[in-house]
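Engineer: Heads up: the sequence shown at position 32 corresponds to 32 in our numbering, and the numbers run straight through without jumps.
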Amino acid sequence: MKKLLSIAALLPLLAGAQQPKPLANLLTKGSPEFKQAIRKYLARDTPSVVGGQAAAAGQFPWQVSLGVAAIPDAYAAHFCGGSLIAEQWVLTAAHCVVGNEAADLSIVAGTHVLNSDAKRVGVQQILMHADYTSADKGHDIALLRLAQPLKPGAEIKRIALAGKQEEAAILAAQTPATVTGWGATSMGGQGSRVLNYARFPFVPTPRCNRPEAYNGAITDDMLCAGNESGGTDSCQGDSGGPLVGQAGKDERLMGIVSWGEGCALPDKVGIYTRVSYYRDWVQACQNGSAACKAIVR
1 MKKLLSIAAL LPLLAGAQQP KPLANLLTKG SPEFKQAIRK YLARDTPSVV GGQAAAAGQF
61 PWQVSLGVAA IPDAYAAHFC GGSLIAEQWV LTAAHCVVGN EAADLSIVAG THVLNSDAKR
121 VGVQQILMHA DYTSADKGHD IALLRLAQPL KPGAEIKRIA LAGKQEEAAI LAAQTPATVT
181 GWGATSMGGQ GSRVLNYARF PFVPTPRCNR PEAYNGAITD DMLCAGNESG GTDSCQGDSG
241 GPLVGQAGKD ERLMGIVSWG EGCALPDKVG IYTRVSYYRD WVQACQNGSA ACKAIVR
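Pasting the structure below:
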């Protein structure tokens, strides 16, 4: 799993959010990424995309940061990424939010720099895929309903989900994928205050399943992307963030940063939750349909 890094202290009231709980009380629950952020902050240990480059303002306006609500500094609070897919909905990885309650979380949108004055919005509801388990890494997807809608602007825009036909066309065109995040810029390194991005090819599943790569572990609900020679990859702190493909002049959300072995290692490209596989699930959950198979908090 692409893990986290970073941390900071207590409290301001977030827009629409409940009063955050004391930090030490939150160490008994939540995802490993969430708890690691708290431990680092309490120890006053400050923390992206490996081999990437800094993004410009508004270049990736769908990218959001998922943070610990009880930590006021957005950079220190950051532990996962996410994608704005509607004014009140963020798509992220299940492993980022497993064990958490909505009140534990906040998001930052509308900025490519995680500063202490970044605007944060509370999370009203978590909808995690009911079949997710950390053991097999499948179904690594979750929706966050925000406490208030985000008004679109130059640095806040939603991204459309790739359908199966669009995905097939993007993969056939062999255009590079783009991954973004505030995670570690080297394996085991510190996170970045400035959003980073990297571009690299999608990797066919049969190649990803070679013995020297992932030896059959890649299933139909996963996508592989990265340089097989190593050098660029998503890394710690990028979990839950977007993997984007280009459909003509339009961007499509193809994947969610999910897991991998190390960061930017040869033959160990990044593994992403395949968005087209879960598009119907996402729409069912947004519409409140009985077809939404989710654990709701």
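Think of the CB as a built atom: it goes at the ideal place given N, C-alpha and C, for glycine as much as any other residue.
Taking the beta strand (DSSP E) that W89 belongs to, which residues open and close that run?
Structural biologist: Locating residue 89 in the sequence shown gives position 89, where the first residue counts as 1. W89 to T92 is the extent of the beta strand (DSSP E) around W89.
Engineer: Considering only the alpha carbon of each residue, which of R145, R39 and G181 lies closest to S192?
Structural biologist: Taking the sequence shown and counting its residues from 1, the one referred to as residue 192 is at position 192. Of R145, R39 and G181, the residue nearest in Cα terms is G181.
Engineer: Helix, strand or coil for T180, going by three-state DSSP, please let me know.
Structural biologist: Along the sequence shown, read from residue 1 onward, the residue named residue 180 stands at position 180. Of the three classes helix, strand and coil, the one that applies to T180 here is strand, per DSSP.
Engineer: Can you grab the Cα-Cα spacing for the pair Y129 / N196, in whole Å?
Structural biologist: Here residue 129 is taken as the residue at index 129 of the sequence shown, counted from 1. Here residue 196 is taken as the residue at index 196 of the sequence shown, counted from 1. What sits at residue 129 in the sequence shown is His, not Tyr. Answer to the nearest angstrom: the Cα atoms are 28 angstroms apart.
Engineer: According to the neighbour-count rule (16 or more other Cβ atoms, all chains shown, within 10 Å of its Cβ), is G30 buried or exposed?
Structural biologist: Within the sequence shown, the letter at position 30 stands for residue 30. So G30 ends up on the buried side.
Engineer: Per DSSP, what kind of secondary structure is L27 in: helix, strand or coil?
Structural biologist: Numbered from its first residue, the sequence shown carries residue 27 at position 27. DSSP places L27 in helix when its eight states are reduced to three.
Engineer: Classify Q174: buried if its beta carbon has 16 or more other beta carbons within 10 angstroms, exposed otherwise.
Structural biologist: Residue mapping note: residue 174 aligns to position 174 of the sequence shown, counting from 1. Q174 is exposed by the Cβ-count criterion.
Engineer: Using a Cβ distance threshold of 8 angstroms, determine whether the stretch 269-283 contacts the stretch 214-224, with at least three qualifying pairs required.
Structural biologist: yes
Engineer: When you compare the CB positions of L114 and T92, do they come within less than 8 angstroms of one another, or not?
Structural biologist: Within the sequence shown, residue 114 is the residue found at index 114, counting from 1. Within the sequence shown, residue 92 is the residue found at index 92, counting from 1. The answer is no: Cβ separation not under 8 angstroms.
Engineer: Suppose contacts are defined by Cβ-Cβ distances below 8 angstroms. Is A225 in contact with P206 by that definition?
Structural biologist: For the purposes of this step, residue 225 is taken as the residue at position 225 of the sequence shown. For the purposes of this step, residue 206 is taken as the residue at position 206 of the sequence shown. The answer is no: Cβ separation not under 8 angstroms.
Engineer: Within a Cβ cutoff of 8 angstroms, which residues of the same chain sit near N100, ignoring the five residues on either side of it in sequence?
Structural biologist: The count along the sequence shown starts at 1 and reaches residue 100 at position 100. Excluding residues within five positions, the ones whose Cβ falls inside 8 angstroms are K29, G30, S31, F34, I126 and R297.
Engineer: Exposed or buried, which one is K137 when buried takes at least 16 other CB atoms within 10 Å?
Structural biologist: Here residue 137 is taken as the residue at index 137 of the sequence shown, counted from 1. Buried, by the Cβ-count rule.
Engineer: Helix or strand or just coil, what does DSSP make of V195?
Structural biologist: In the sequence shown, the residue the question calls residue 195 occupies position 195. First, the amino acid is wrong: residue 195 is Leu here, not Val. Of the three classes helix, strand and coil, the one that applies to L195 here is coil, per DSSP.
Engineer: Just mark A168 as buried or exposed, buried being the case when its beta carbon has 16 or more other beta carbons within 10 Å.
Structural biologist: As a first step, residue 168 is located in the sequence shown; it is residue number 168 there, counting from the start. Burial call: exposed.
Engineer: Assuming A86 and R158 make a contact with CB atoms under 8 angstroms, what is their CB distance in whole Å?
Structural biologist: Residue numbering aside, residue 86 sits at position 86 when the sequence shown is read from its first letter. Residue numbering aside, residue 158 sits at position 158 when the sequence shown is read from its first letter. Yes, they are in contact, since the Cβ atoms of A86 and R158 sit about 6 angstroms apart, within 8 angstroms.
Engineer: Bridge partners of L223, per DSSP?
Structural biologist: Against the sequence shown, residue 223 aligns to sequence position 223. Paired residues: Y272.
Engineer: Go to Q124, then tell me how far its beta strand (DSSP E) extends in each direction, as first and last residue.
Structural biologist: Position 124 of the sequence shown, counted from the first residue, corresponds to residue 124. That run of the beta strand (DSSP E) goes R120 to H129.
Engineer: Please report the distance separating the alpha-carbon of Q59 from that of E155.
Structural biologist: Here residue 59 corresponds to residue number 59 of the sequence shown, with the count starting at 1. Here residue 155 corresponds to residue number 155 of the sequence shown, with the count starting at 1. Rounded to whole angstroms, Q59 to E155 spans 8 angstroms at the Cα level.
Engineer: Tell me whether the beta-carbon of G81 lies closer than 8 angstroms to the beta-carbon of G240.
Structural biologist: For the purposes of this step, residue 81 is taken as the residue at position 81 of the sequence shown. For the purposes of this step, residue 240 is taken as the residue at position 240 of the sequence shown. Yes.
Engineer: Near C285, what residues of its chain come up, given a Cβ to Cβ distance below 7 angstroms and the 5 sequence neighbours on each side ignored?
Structural biologist: The sequence position of residue 285 within the sequence shown is 285, counting from 1. Cβ neighbours of C285 beyond the five flanking positions: L127, L143, C292 and A294.
Engineer: Using the beta-carbon count (16 or more within 10 Å), is A177 buried or exposed?
Structural biologist: Working through the sequence shown from its first residue, we reach residue 177 at position 177. It is buried - the Cβ of A177 has at least 16 other Cβ atoms within 10 Å.
Engineer: Look up A55 in the DSSP assignment and say whether it is helix, strand or coil.
Structural biologist: Position 55 of the sequence shown, counting from 1, holds the residue named residue 55. Three-state DSSP puts A55 in coil, outside helix and strand.
Engineer: Pick out whichever of A109, A160 and T133 has its Cα sitting closest to the Cα of L150.
Structural biologist: The sequence position of residue 150 within the sequence shown is 150, counting from 1. Ranking the options by Cα distance to L150, first place goes to A109.
Engineer: Using the rule of at least 16 other Cβ atoms within 10 Å of the residue's Cβ for burial, across every protein chain shown, is T111 buried or exposed?
Structural biologist: Indexing the sequence shown from 1 puts residue 111 at position 111. Buried is the call here.
Engineer: Identify the residues that DSSP records as bridge partners of C80: which are they?
Structural biologist: For this step, residue 80 is matched to residue 80 along the sequence shown. Paired residue(s): L66.
Engineer: Taking the C-alpha atoms as reference points, what is the distance between Q283 and V123?
Structural biologist: The residue you call residue 283 lines up with position 283 of the sequence shown. The residue you call residue 123 lines up with position 123 of the sequence shown. Their backbone Cα atoms lie some 19 angstroms apart in a straight line.
Engineer: Do you know offhand how far F79's Cα is from C96's?
Structural biologist: The residue labelled residue 79 in the question sits at position 79 within the sequence shown. The residue labelled residue 96 in the question sits at position 96 within the sequence shown. So the two alpha carbons sit approximately 8 angstroms from each other.
Engineer: Below 6 angstroms CB to CB, which residues in the same chain sit around Y75 once its five sequence neighbours on both sides are set aside?
Structural biologist: Start at 1 with the first residue of the sequence shown, and residue 75 comes out as number 75. If we look at Y75 and ignore the five residues flanking it on each side, its Cβ neighbours are L114 and R193.
Engineer: Kindly list the residues whose CB is nearer than 8 angstroms to the CB of D131, restricted to its own chain and excluding five residues on each side of it in sequence; keep chain order.
Structural biologist: In the sequence shown, the residue the question calls residue 131 occupies position 131. Hits under 8 angstroms: G138, H139 and K293.
Engineer: Look at T273 and I141 and say whether their C-beta atoms are less than 8 angstroms apart.
Structural biologist: By 1-based counting over the sequence shown, the position of residue 273 is 273. By 1-based counting over the sequence shown, the position of residue 141 is 141. Yes, Cβ-Cβ distance for T273 and I141 is below 8 angstroms.
Engineer: On the DSSP bridge assignment, give the partners of S106 in chain order.
Structural biologist: As a first step, residue 106 must be located in the sequence shown, where it is residue number 106. Answer is G67 and G122.
Engineer: Report back the beta-carbon spacing between C208 and V269 to the nearest angstrom; my notes put them in contact at under 8 angstroms.
Structural biologist: Numbered from its first residue, the sequence shown carries residue 208 at position 208. Numbered from its first residue, the sequence shown carries residue 269 at position 269. With a Cβ gap of about 7 angstroms, C208 and V269 count as contacting.
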